[in-house]
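Contents: one structure, followed by commentary.
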């Protein structure tokens, strides 16, 4: 059987390709994980196309890997067992904005920036910001979050409804348009974060928010990482509704300075943002400043004007870029643990010690209001010793987090990189997860090898 | 086999009873649904007791119905197929408060008031307030919410981790202590709202919040229900972080006046609450007042002092009581639809018309910031015509909601009362839900007859 011909018969010629460059583009993501080619790339135009492809794949036991823009960080979109890479770039329409219901309905290939450009016209915005301009389908598949989760929640909190095509071609809707429901099992929450292993999303209805009356950004420099994290925890505990609170360590600031020719103090820095009305923000920032000062804060600046805010946050925005461009030819390995807030100072210090002990270059940054932080390590995937050193450090940080009630991944997802920690983290619950997978995908065609180490 | 003897052999004598009064107390909830006796009531002391009972019940195909305080409104705790009522009154300990992690770990029999009394010592509070002083286990089982959901979310948003005993006696943990996670399938969200049909909770870890610096309550009177609802929608859309926004219709205010000898204007009234810092609240309430005035608001009062706030909200607080005591001998049937915000004015008007057309006594009230509202009807469960009339009205309101993207139950849950709407609301997703039920409870011992009409 010729897979390309068969699929072209199902869809149209231009929707199916085995062009080597296209296959190559669908063989990797933004991480250090080894690439692997799909047999064919398919571009569905609608739900019906997805249904046809899945039914065909299920009948013939062919793996299907949904693909958005390939910005995943744990190998989620890499087709390690070949088969079909299902690319959603032709399903990128914003279907409906319901401004007074504070909802938007989109196809899975719509990106975060695209939806925000549209929402702006209505005075609304979509809150989840993982950094990369990922597709909303991909963000839902990995339960992405990012800098604003501390205030607005993660991707799972925004998804009101999903249209999902199951492995056998059945199409279901998981939710509805109501703001809350106690009707039946919460399938929406289960499919969000399922990484393409339970079904394929063909439509998403997402919660959006009114653009706040006023936004205030702040930057606070501390003598130690512990001071910075303690300040973040203190601000969080008092209930000040901070919208973002990001930690960048001294090494990372140095990377930015060297890359952007800037002169920021090379010390642990918190980047904060507050949303609200002007009067309330003044009080919030005054309270936050006081709590920062209690932790030995050396400089506390804030701005409300949009351009000045951007400048104040510049070092945070340029961070990933500064690392990627500072180490040409290398790929990033990024840890992603999330721990209870009280465990955060210890976990961050432990990570920094591990980096120093291993003599490794790397930055520590994080969404510290949630207890989620990243160690960015630049590795040479071709150098086994380098890779092994970084993986061993990753493993130690994960072990530390899990042993303190935390998780191996706060927002990047499991993919292949964190599959080995699932049993340790979830215990017997992993068997329950796997039983659901088996019910919905008995032939194991949906993104095989992801989440579960052994299928 | 003598069930009582067998169970006493497993546990202790005083933990197992078939005393008629105790059976009777476990045969009903707070709704109009017909009572049905369990064969035996069991009081587990710990997880191990629950495990033993479930394993025994599973081996012998005996139904098990978890029981908190019996405040459910759709017959959830009624053992229609007999068997074991598993009462959690002996598992009512607050196990741990982690103030800086903003978490509390409890046994399922702990009540909402009990946990708040403890949390107050730490300057914290648990946000979900369904009115009744229900157990937290029961609230998680039904995904309860109430007046504060508009700001803090529903029960599902608060549950960080569950310890669950499965039908076969396996014990799993569904989550962890981290504020967010993308690790594995989100079982926590699935078990919350599963109404005892997938497993039995033996421990809950819940998110808590800092008591806000300042609280402001307001009451606004409107000429029509539509004006009141439109004002609520407008306040919500502008992003003012209102903590509660409750509608009470004119008929309900009249009921309160007659019951409490008060003199509130008998007109549609919004009860609001704002949480934040004092400066921010002043601005928020000024903006809310302006939006209310745009909708023809006739009187807008607000208070910050705790006692004055309580008085301002008195009519809302006394509402259910006023109805229950105003119709001695009757039971309440309460509709619970939730619709998209833009559909709310129409839905509330439709419900009021139905009540008037049927010549029925009943109040309309609701958590209108979420699109969730209730029609309280006092019915005589012995009078079939009365019951039928109320059920037919309930059905029409549900049909209206579902046809507009809403849900048959925003917060009360399915139980037996809403089971007949599940297929209509969820379509083929219902089969997916049922397949998960079959995987985890193949013998159907867990709260049989609830959620799914046909097992």
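Residue numbers (my numbering), protein chains in the order written: chain X, -2 to 452; chain L, -2 to 452.
The C-beta atom is built at its ideal place from N, Cα and C for all residues, glycine as well.
Fair warning: this is a prediction, and the values are worked out from it, not measured in the lab.
Legend entry - Proximity to residue 79 of chain X [Cα-Cα], best of X:229, X:101, X:23 and X:98: Here residue 79 of chain X is taken as the residue at index 82 of the first chain, counted from 1. Of X:229, X:101, X:23 and X:98, the residue nearest in Cα terms is X:23.
Legend entry - Limits of the beta strand (DSSP E) - the one that residue 152 of chain L falls within: Taking the first residue of the second chain as 1, we reach residue 152 of chain L at position 155. From DSSP, residue 152 of chain L is part of no beta strand (DSSP E) but of the alpha helix (DSSP H) over 152 to 155.
Inset, instruction - Mind the definition here: the stretch 68 to 78 of chain X touches the stretch 436 to 451 of chain X only if three or more C-beta pairs lie below 8 Å; say whether that holds. - result: yes
Inset, instruction - Indicate the three-state DSSP secondary structure (helix, strand or coil) for residue 314 of chain L in the structure shown. - result: As a working note, residue 314 of chain L is residue 317 in the second chain. Correct three-state label for residue 314 of chain L: helix.
Inset, instruction - Taking a Cβ distance cut-off of 8 Å, strictly less, list which residues of the stretch 113 to 124 of chain L are near chain X, in chain order. - result: Those would be none; no residue qualifies.
Inset, instruction - Flag residue 440 of chain X as yes if its beta-carbon sits less than 8 Å from any beta-carbon of chain L, otherwise no. - result: As a first step, residue 440 of chain X must be located in the first chain, where it is residue number 443. Not one chain L Cβ lies under 8 Å of residue 440 of chain X.
Inset, instruction - Assign residue 243 of chain L to one of three DSSP states: helix, strand, or coil. - result: Within the second chain, residue 243 of chain L is the residue found at index 246, counting from 1. Of the three classes helix, strand and coil, the one that applies to residue 243 of chain L here is strand, per DSSP.
Inset, instruction - Grab the span of the beta strand (DSSP E) containing residue 84 of chain L for me, first residue to last. - result: Numbered from 1 along the second chain, position 87 holds the residue referred to as residue 84 of chain L. First-last of the beta strand (DSSP E) with residue 84 of chain L: 81 to 84.
Inset, instruction - Can you give me the Cβ contacts of residue 261 of chain X inside the same chain, cut-off strictly under 8 Å, excluding the 5 residues immediately before and after it? - result: Looking up residue 261 of chain X in the first chain gives position 264. Only 250, 253, 254 and 312 meet the Cβ criterion.
Inset, instruction - With residue 271 of chain X as the anchor, note down where its beta strand (DSSP E) starts and where it stops. - result: Taking the first residue of the first chain as 1, we reach residue 271 of chain X at position 274. Residues 266 to 273.
Legend entry - Same chain only: Cβ atoms within 7 Å of residue 422 of chain L, ignoring 5 sequence neighbours per side: Along the second chain, read from residue 1 onward, the residue named residue 422 of chain L stands at position 425. So the list reads 399, 404 and 405, once near-sequence residues are dropped.
Inset, instruction - Kindly indicate if chain L contains any beta-carbon less than 8 Å away from that of residue 109 of chain X. - result: Against the first chain, residue 109 of chain X aligns to sequence position 112. Not closer than 8 Å to any Cβ of chain L, the Cβ of residue 109 of chain X fails to qualify, so no.
Inset, instruction - Could you tell me which residues DSSP puts in a beta bridge with residue 375 of chain X? - result: Taking the first residue of the first chain as 1, we reach residue 375 of chain X at position 378. Residue 375 of chain X is bridged to X:329.
Inset, instruction - Kindly indicate which residue of X:391, X:134, X:295 and X:54 has the alpha-carbon position closest to the one of residue 222 of chain X. - result: As a first step, residue 222 of chain X must be located in the first chain, where it is residue number 225. With distances taken between Cα atoms, residue 222 of chain X lies closest to X:295.
Inset, instruction - Compute the distance between the beta-carbons of residue 246 of chain L and residue 361 of chain L, then report whether it is under 8 Å. - result: In the second chain, residue 246 of chain L corresponds to position 249, counting from 1. In the second chain, residue 361 of chain L corresponds to position 364, counting from 1. Their beta carbons are under 8 Å apart, which means residue 246 of chain L touches residue 361 of chain L by this criterion.
Legend entry - Top-ranked residue by Cα proximity to residue 89 of chain L, from L:109, L:81 and L:96: Mapped onto the second chain, residue 89 of chain L falls at position 92. Measuring from the Cα of residue 89 of chain L, the nearest candidate turns out to be L:109.
Inset, instruction - May I have a chain-ordered list of the alpha helix (DSSP H) segments no shorter than 4 residues that lie completely inside the stretch 104 to 157 of chain X? - result: 109 to 117, 133 to 139, 146 to 149 and 152 to 155
Inset, instruction - Within the same chain, show all residues whose beta-carbon is closer than 8 Å to that of residue 439 of chain L, passing over the 5 residues directly before and after it, in chain order. - result: Counting from 1 along the second chain, the entry for residue 439 of chain L is found at position 442. Correct list, in chain order: 164.
Legend entry - Endpoints, the alpha helix (DSSP H) within which residue 356 of chain L is located: Reading the second chain from its first residue, position 359 is the one you call residue 356 of chain L. Per DSSP, residue 356 of chain L belongs to no alpha helix (DSSP H) and is neither H nor E.
Legend entry - Amino acids of chain L, ordered along the chain, whose beta-carbon sits closer than 8 Å to that of residue 444 of chain X: For the purposes of this step, residue 444 of chain X is identified with residue 447 of the first chain, where counting begins at 1. Those do not exist, as residue 444 of chain X stays about 13 Å from chain L at its closest Cβ, beyond 8 Å.
Inset, instruction - Return the first residue and the last residue of the alpha helix (DSSP H) that residue 433 of chain L is part of. - result: Sequence index remark: in the second chain, residue 433 of chain L carries index 436 (1-based). Note, residue 433 of chain L: alpha helix (DSSP H), 426 to 437.
Inset, instruction - Check whether the Cβ atoms of residue 329 of chain L and residue 28 of chain L sit closer than 8 Å, and answer yes or no. - result: As a first step, residue 329 of chain L must be located in the second chain, where it is residue number 332. As a first step, residue 28 of chain L must be located in the second chain, where it is residue number 31. The answer is yes: Cβ separation under 8 Å.
Inset, instruction - Mark residue 48 of chain L as exposed unless 16 or more other C-beta atoms lie within 10 angstroms of its C-beta, in which case mark it buried. - result: Here residue 48 of chain L is taken as the residue at index 51 of the second chain, counted from 1. The residue in question, residue 48 of chain L, is buried, as its Cβ has 16 or more Cβ neighbours within 10 Å.
Legend entry - Cα-Cα separation, residue 454 of chain L to residue 84 of chain X: Outside the shown range of chain L (-2 to 452) lies residue 454 of chain L, about which nothing can therefore be said.
Inset, instruction - Drop a sphere of 10 angstroms on the beta-carbon of residue 374 of chain L, count the other beta-carbons inside from all chains shown, and report buried for 16 or more, exposed for fewer. - result: Here the question's residue 374 of chain L lines up with position 377 in the second chain. Residue 374 of chain L should be labelled buried.
Legend entry - Contact with chain X by residue 452 of chain L, beta-carbon distance below 8 Å: As a position in the second chain, residue 452 of chain L is number 455, starting the count at 1. Its pLDDT being 42, under 50, residue 452 of chain L is placed unreliably by the model, and the measurement read from it follows with that caveat. Chain X, which has no Cβ nearer than 8 Å to the Cβ of residue 452 of chain L, makes this no.
Legend entry - Beta carbon proximity, residue 425 of chain X to chain L, threshold 8 Å: Along the first chain, one-based indexing puts residue 425 of chain X at 428. Yes, its Cβ sits closer than 8 Å to a Cβ of chain L.
Inset, instruction - Would you mind working out which of X:168, X:162, X:121 and X:188 sits nearest residue 154 of chain X, comparing C-alpha positions? - result: Position 157 of the first chain, counting from 1, holds the residue named residue 154 of chain X. The shortest C-alpha separation from residue 154 of chain X is found at X:188.
Inset, instruction - Could you pull out every residue in the same chain whose Cβ sits closer than 6 Å to the Cβ of residue 169 of chain L, ignoring the five residues on either side in sequence? - result: In the second chain, residue 169 of chain L corresponds to position 172, counting from 1. Hits under 6 Å: 161.
Legend entry - Whole alpha helix (DSSP H) elements within the stretch 189 to 252 of chain L, 4-residue minimum: 222 to 234
Inset, instruction - With distances taken Cα to Cα, identify the nearest neighbour of residue 148 of chain X among X:366, X:129, X:427 and X:114. - result: Numbered from 1 along the first chain, position 151 holds the residue referred to as residue 148 of chain X. Among X:366, X:129, X:427 and X:114, the Cα nearest to that of residue 148 of chain X is on X:366.
Inset, instruction - Would you list the residues sitting across from residue 5 of chain L in a DSSP beta bridge? - result: One-based indexing of the second chain puts residue 5 of chain L at position 8. The partner list for residue 5 of chain L (beta bridge, DSSP) is empty, contrary to what the question assumes.
Inset, instruction - Classify residue 381 of chain X as buried or exposed, calling it buried when 16 or more other Cβ atoms lie within 10 Å of its own Cβ. - result: One-based indexing of the first chain puts residue 381 of chain X at position 384. Exposed is the call here.
Legend entry - Pair within 8 Å by beta-carbon distance, residue 69 of chain L and residue 144 of chain L: As a first step, residue 69 of chain L must be located in the second chain, where it is residue number 72. As a first step, residue 144 of chain L must be located in the second chain, where it is residue number 147. No. Outside cutoff.
Legend entry - Closer than 9 Å at the beta carbon, the chain L residues around residue 146 of chain X: Taking the first residue of the first chain as 1, we reach residue 146 of chain X at position 149. Within chain L, the residues near residue 146 of chain X are 176 and 177.
Legend entry - Neighbour list for residue 419 of chain L in chain B, Cβ cutoff strictly below 8 Å: Any reference to chain B falls outside this structure, whose protein chains are X and L.
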